[in-house]
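Novice:
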Amino acid sequence: METITINQCPLCGKSHTYNLEVERSFVIKMFTANETRERPKPVRITRIFYCPIKESEYQGNLTMYETSDRQIKNVTVKGIADE
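Quick note on numbering: the numbering used here labels position 63 of the sequence shown as 43, and the sequence is numbered without any gaps.
1. Determine, using beta carbons only, whether residue -9 and residue 38 come nearer to each other than 8 Å.
2. Taking Cβ to Cβ, would you say residue 46 is nearer than 8 Å to residue 21?
3. In whole angstroms, what separates the C-alpha of residue -2 from that of residue -16?
4. Tell me the residue span of the beta strand (DSSP E) that contains residue 24.
5. Return the chain-ordered list of same chain residues with a C-beta closer than 6 Å to the C-beta of residue 56, the five sequence neighbours on each side being excluded.
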């Protein structure tokens, strides 16, 4: 389980931390010298988050990083971690 903190909720202005379930694919491959220095590439993901103060949902964007051998397949918001 991974977590993300929204420092300023767009509904209430407070900070909330959420649990994320991140599903990644693992690709087994032979690495060349250039691939061992591969930089992770950013992936922008949009998900629905819940504000416990206003008891309402809002859409948020997050950026996660993946490599060619660990690609992000799905991200699920599992709930609020700071309750």
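By construction, the Cβ of each residue, glycine as well, lies at the ideal position given by its N, Cα and C atoms.
Specialist: Here's the rundown:
1. yes
2. yes
3. Straight-line Cα distance between these residues: approximately 5 Å.
4. Residue 24 -> beta strand (DSSP E) spans 21 to 31.
5. 1
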